Amino acid sequence: MTHARPTAAHSTAARPLPTRAEDVPAAFAERFNTGDPRAVEEMYEGGAAFVPRSGPAVHGRAGIARHNAPFLGLGLPIRVRPRHVHVAHDIALLIVDWEIEGTVSGTATDVARRGPDGYWRYVIDSPFGAAGADHDG
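When we follow the working numbering, the leftmost residue of the sequence shown carries the number 42, and every step to the right adds one.
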(Lines of atoms letter the chains of each structure in order from A and count residues from 1; the text may use other names and numbers.)
(Lines give C-alpha, C1' and ligand atoms only; values in the text may rest on other atoms or scores of the structure.)
Protein backbone atom coordinates (compact mmCIF):
# COMPACT_ATOMS: atom_id res chain seq x y z
CA MET A 1 0.00 0.00 0.00
CA THR A 2 1.34 3.44 -0.91
CA HIS A 3 0.90 6.34 1.48
CA ALA A 4 1.00 10.04 0.89
CA ARG A 5 4.17 11.58 2.26
CA PRO A 6 3.47 13.49 5.48
CA THR A 7 3.83 17.20 4.90
CA ALA A 8 3.74 19.21 8.12
CA ALA A 9 3.01 19.05 11.82
CA HIS A 10 -0.64 19.23 12.73
CA SER A 11 -0.03 20.99 16.04
CA THR A 12 2.20 23.98 16.57
CA ALA A 13 2.82 22.90 20.18
CA ALA A 14 4.64 19.65 19.47
CA ARG A 15 6.56 17.74 16.87
CA PRO A 16 4.76 16.27 13.87
CA LEU A 17 2.70 13.15 14.28
CA PRO A 18 4.81 9.99 14.10
CA THR A 19 5.61 8.37 10.76
CA ARG A 20 6.87 5.15 12.39
CA ALA A 21 4.91 2.93 14.76
CA GLU A 22 7.77 2.72 17.25
CA ASP A 23 7.67 6.51 17.63
CA VAL A 24 4.02 6.66 18.73
CA PRO A 25 4.68 6.42 22.51
CA ALA A 26 7.40 9.10 22.45
CA ALA A 27 5.25 11.40 20.29
CA PHE A 28 2.35 10.95 22.72
CA ALA A 29 4.60 11.75 25.70
CA GLU A 30 6.04 14.83 24.03
CA ARG A 31 2.57 16.11 23.22
CA PHE A 32 1.24 15.24 26.69
CA ASN A 33 4.14 17.07 28.30
CA THR A 34 3.23 20.30 26.48
CA GLY A 35 0.01 20.33 28.51
CA ASP A 36 -1.92 21.13 25.31
CA PRO A 37 -5.09 18.99 25.10
CA ARG A 38 -5.35 19.60 21.33
CA ALA A 39 -1.83 18.29 20.77
CA VAL A 40 -2.77 15.09 22.63
CA GLU A 41 -6.12 14.82 20.83
CA GLU A 42 -4.34 14.76 17.46
CA MET A 43 -2.71 11.45 18.45
CA TYR A 44 -6.09 9.69 18.03
CA GLU A 45 -8.13 8.66 15.01
CA GLY A 46 -11.57 10.26 14.92
CA GLY A 47 -13.37 7.06 15.97
CA ALA A 48 -10.69 5.81 18.37
CA ALA A 49 -11.54 4.04 21.62
CA PHE A 50 -10.15 4.81 25.08
CA VAL A 51 -10.43 2.08 27.71
CA PRO A 52 -10.56 3.64 31.20
CA ARG A 53 -9.51 1.77 34.33
CA SER A 54 -13.19 1.00 35.00
CA GLY A 55 -16.37 1.45 33.04
CA PRO A 56 -17.06 1.05 29.36
CA ALA A 57 -14.75 2.15 26.58
CA VAL A 58 -15.20 5.71 25.34
CA HIS A 59 -15.26 6.41 21.60
CA GLY A 60 -14.29 9.52 19.68
CA ARG A 61 -11.84 12.34 20.27
CA ALA A 62 -14.13 14.43 22.51
CA GLY A 63 -14.77 11.56 24.92
CA ILE A 64 -11.11 10.59 24.94
CA ALA A 65 -10.15 14.20 25.67
CA ARG A 66 -12.48 14.17 28.70
CA HIS A 67 -10.74 11.04 30.02
CA ASN A 68 -7.25 12.42 29.36
CA ALA A 69 -8.07 15.77 31.01
CA PRO A 70 -7.53 14.62 34.63
CA PHE A 71 -4.10 13.23 33.70
CA LEU A 72 -3.14 16.43 31.86
CA GLY A 73 -4.55 18.44 34.76
CA LEU A 74 -1.92 17.02 37.08
CA GLY A 75 0.58 19.25 35.30
CA LEU A 76 3.24 16.59 35.66
CA PRO A 77 5.33 14.97 32.93
CA ILE A 78 4.64 11.50 31.63
CA ARG A 79 7.48 9.08 30.93
CA VAL A 80 7.02 6.16 28.56
CA ARG A 81 9.07 3.03 27.97
CA PRO A 82 7.94 0.81 25.11
CA ARG A 83 8.27 -2.89 25.93
CA HIS A 84 7.08 -4.25 22.60
CA VAL A 85 6.04 -2.82 19.26
CA HIS A 86 4.59 -5.34 16.81
CA VAL A 87 3.74 -4.09 13.34
CA ALA A 88 1.67 -5.82 10.65
CA HIS A 89 1.37 -3.59 7.60
CA ASP A 90 -0.51 -0.48 8.79
CA ILE A 91 -1.50 -1.75 12.26
CA ALA A 92 0.69 -1.83 15.37
CA LEU A 93 0.30 -3.34 18.83
CA LEU A 94 2.13 -1.26 21.43
CA ILE A 95 2.90 -2.49 24.95
CA VAL A 96 4.18 0.51 26.89
CA ASP A 97 5.11 1.11 30.53
CA TRP A 98 4.27 4.66 31.57
CA GLU A 99 4.33 6.84 34.65
CA ILE A 100 3.10 10.32 35.42
CA GLU A 101 5.78 11.49 37.83
CA GLY A 102 5.08 9.48 40.97
CA THR A 103 1.28 9.78 40.84
CA VAL A 104 -0.05 7.11 38.50
CA SER A 105 1.48 4.44 36.29
CA GLY A 106 0.54 1.45 34.22
CA THR A 107 1.33 -0.78 31.29
CA ALA A 108 -0.66 0.24 28.25
CA THR A 109 -1.89 -2.15 25.61
CA ASP A 110 -2.54 0.07 22.61
CA VAL A 111 -3.32 -0.29 18.93
CA ALA A 112 -2.19 2.30 16.40
CA ARG A 113 -2.83 2.56 12.67
CA ARG A 114 -1.00 4.36 9.89
CA GLY A 115 -3.47 6.60 8.11
CA PRO A 116 -3.58 7.44 4.42
CA ASP A 117 -1.57 10.59 5.26
CA GLY A 118 1.31 8.38 6.51
CA TYR A 119 0.91 9.33 10.18
CA TRP A 120 0.36 6.82 12.98
CA ARG A 121 -2.49 7.47 15.45
CA TYR A 122 -4.11 5.53 18.25
CA VAL A 123 -7.12 3.41 17.35
CA ILE A 124 -7.36 1.87 20.83
CA ASP A 125 -5.75 3.44 23.90
CA SER A 126 -5.90 1.13 26.89
CA PRO A 127 -3.57 2.82 29.39
CA PHE A 128 -4.01 0.21 32.08
CA GLY A 129 -3.97 -2.79 29.73
CA ALA A 130 -5.28 -6.04 31.16
CA ALA A 131 -4.97 -4.64 34.72
CA GLY A 132 -7.84 -2.24 34.01
CA ALA A 133 -10.01 -4.39 31.77
CA ASP A 134 -13.11 -5.56 33.59
CA HIS A 135 -15.46 -5.19 30.63
CA ASP A 136 -15.77 -5.26 26.86
CA GLY A 137 -15.71 -2.10 24.80
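Note that beta-carbon positions come from the ideal geometry of N, C-alpha and C, so glycine has one too. It should be emphasised that the depicted structure is a prediction, and the values quoted were computed from it without experimental measurement.
> Exposed or buried, L135, counting other C-beta atoms within 10 Å across all chains shown (16 or more means buried)?
Replying inline: In the assembly as shown, L135 is a buried residue. Its beta-carbon has 16 or more other beta-carbons within 10 Å.
> Taking P161 as the reference, which of A171, A133 and T144 has the closest Cα?
Replying inline: The sequence shown places Trp at residue 161, not Pro. Minimum Cα distance to W161 is reached at A133.
> For A129 versus T150, is the C-beta spacing smaller than 8 Å?
Replying inline: no
>> Does the contact criterion of 3 or more C-beta pairs under 8 Å hold for the segment 85-93 versus the segment 110-123?
In response: Output reads no: the segment 110-123 does not touch the segment 85-93.
> By how many angstroms is the C-alpha of H100 removed from the C-alpha of A153?
Replying inline: One C-alpha to the other measures close to 15 Å.
> How far does the alpha helix (DSSP H) with L135 in it reach, from first residue to last?
Replying inline: DSSP places L135 outside any alpha helix (DSSP H); the residue lies instead in the beta strand (DSSP E), whose first and last residues are I132 to I141.
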